[in-house]
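Here is the structure we will look at, set down as structure tokens.
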Amino acid sequence: MCNTSLHAFLAALPKAEHHMHLEGSLEPELLFALAAKNGITLPVSTDPAFASAESLRKRYEVFANLDDFLGYYYIGMSVLLDGSDFEALAYAYFAKAASQNVRHAEVFFDPQAHTDRGVELSTIVESFKRAQARAAADFGMSTELIMCLLRHLPLPSAMATFAQAKGAGYFADGTLAAVGMDSSEVPFPPPMWKDLFDAAKELGIRRTCHAGEEGPPLYVSQALDLLDVQRIDHGVRALTDGDDALVTRLASSKTLLTMCPLSNFKLNCIDSMSSFPLRRLLDAGVRFSINSDDPAYFGGYILENYCALQEAFGLGIRDWEMIAKGAIMGSWCAEERRAQLLVEVEDVVNEWARQFEEQ
Ligand code: ADE
Ligand code: ZN
């Protein structure tokens, strides 16, 4: 909860989330419960942070950088073993997101981090599908799955995972909405993944890529030029350090930047929330959405990200209307769903604008 006069409006605003790693929504309490259930020993002998959910949460407050976080992220997800674990994880996120009025969510997952431990791809995907069906029934939320490949693993591993998903028919039947790329960014620049993205493009599969989180603006240009991505995940450094030509290019191509302010702050990609390049995004007309990335690790879900920006920038209702509509416009959902969500935003904005005018 933020202390701004817009808090209740921000909570009510219908939202679309496009950058949320399901494994990054594993709260320490569920992590410990699943470790106990599955007989998994956490590395408490080498890292005292694993003594309890409380001490782990405390450790999450002081990540030095992306790789420091990723070390905890991969250990954390090692407690996920059977289908019920994956379903519980995804449903817990959908329920939390629904409570913050997320109406459409496109969520990432990292199959290689599980298949390398012996979990079948079908176990992961079918469990997520069950959670998605429950989210639709219980909350009226539309959801999509984006399969991310890990850039710290070699290209052949990514190609094999992609081939397995394709062979299972997960792209053809719409189970997977897109392919993405995540994990350690430097020194794994986009050109390394050209074969993978070419294969996805050939099949008409949507493509997105983490770029410009810790990596330089050049990584963002390379993702656009060589991987032909339709979206950039993060891209914050294109805005903080990029030249006007790159920013203008992002705006004119209507490339959606899936931005994650709390994540950027917690991983020291920006020094403070007021260094988040919100003004440059708005002034240049770049299409972007505000997202939570790894909410269990960075101290907040999507609403806490909206609130952090509101506290830093003091936006008005009409600014938020533009942000909320931009996120919906950039969503990978059917045209009718997009139209429906835009009406939902309009209704809430009009109701709150009236209330503010009456005060
Ligand atoms: N995997 C989960 N969160 C990530 C992030 N912020 N950057 C890169 N890979 C990730
Ligand atoms: Zn991410």
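Mind the numbering: the sequence shown is residues 1 to 359 in this note's numbering, read in order.
All residues carry an ideal CB built from backbone N, CA and C; glycine is no exception.
Predicted, not measured: the structure shown is a model, and the values here were computed from it.
Could you please give me the residues that DSSP links to D233 through a beta bridge?
Beta-bridge pairing links D233 to H210 and T258.
Considering only the beta carbon of each residue, do D233 and T208 sit closer than 8 Å?
In terms of Cβ geometry, D233 and T208 form a close pair [threshold 8 Å].
6 Å CB neighbourhood of F109 in its chain, flanking five on each side removed
Sequence-distant partners of F109 (beyond 5 residues in either direction) whose C-beta falls short of 6 Å from its own C-beta, in its chain, are L22.
So is M77 buried or exposed if we call it buried at 16+ other beta carbons inside 10 Å?
Answer is buried; the Cβ neighbour count reaches 16.
Please state if the CB of A97 and the CB of A88 are separated by a distance shorter than 8 Å.
Cβ distance not < 8 Å, so A88 and A97 don't count as in contact.
DSSP state of I270, grouped into three classes?
DSSP, read as helix, strand or coil, puts I270 in coil.
Please report the straight-line C-alpha distance between G39 and A12, rounded to a whole angstrom.
If I take the Cα positions, the gap works out to 41 Å.
For S55, three-class secondary structure by DSSP
S55 sits in a helix when the DSSP states are folded into three classes.
Less than 8 Å between the beta carbons of N268 and V236, yes or no?
The beta carbons of N268 and V236 sit no closer together than 8 Å.
Kindly identify the DSSP beta-bridge partner or partners of S289.
BP columns for S289 point to T258.
Considering only heavy atoms of the ligand ADE and the C-beta of each residue, which residues fall inside 6 Å, strictly closer?
Per the Cβ criterion, the list is H21, G24, L66, Y73, D182, S183, H210, E213, S263, D293 and D294.
Skipping 5 residues on each side, what residues in its chain have a beta carbon closer than 6 Å to that of K194?
By the criterion of a C-beta distance shorter than 6 Å, K194 is surrounded in its chain by L226, once the five residues flanking it on both sides are discounted.
Can you find the residues in the same chain that come closer than 6 Å, C-beta to C-beta, to A53, ignoring five residues on each side of it along the sequence?
Excluding positions up to five away in sequence, the list reads P28, E29 and F32.
CB-CB under 8 Å to Q100, same chain, minus the five flanking residues each way: which ones, in chain order?
Non-local C-beta neighbours of Q100 in its own chain, meaning closer than 8 Å and more than five positions away in sequence, comprise A11, K15, Y301, I302 and L303, ordered along the chain.
Would T255 be called buried (16 or more neighbouring beta carbons within 10 Å of its own) or exposed?
Residue burial annotation: T255 is buried, with at least 16 other C-beta atoms found within 10 angstroms of its C-beta.
Taking 7 Å as the cut-off, is the C-beta of D225 nearer than that to any heavy atom in the ligand ZN?
Checking every heavy atom of the ligand ZN against the Cβ of D225, none is found closer than 7 Å.
If you follow the alpha helix (DSSP H) that I328 is part of, which residue opens it and which one closes it?
Start and end: I317 to M329.
Report, in whole angstroms, the separation of the C-beta atoms of H7 and T258, which I expect to be a contact under 8 Å.
Not really, about 24 Å apart at Cβ, beyond 8 Å.
Kindly indicate which three-state DSSP category R117 falls into: helix, strand or coil?
R117: coil per DSSP, three-state reduction.
Considering only residues of the same chain and omitting the five flanking positions on each side of R280, which have a CB-CB separation below 6 Å?
Within the same chain, R280 has close Cβ partners L239.
Quick one: what does DSSP say R103 is sitting in, helix, strand or coil?
In the structure shown, R103 sits in a strand (DSSP, three-state: E or B).
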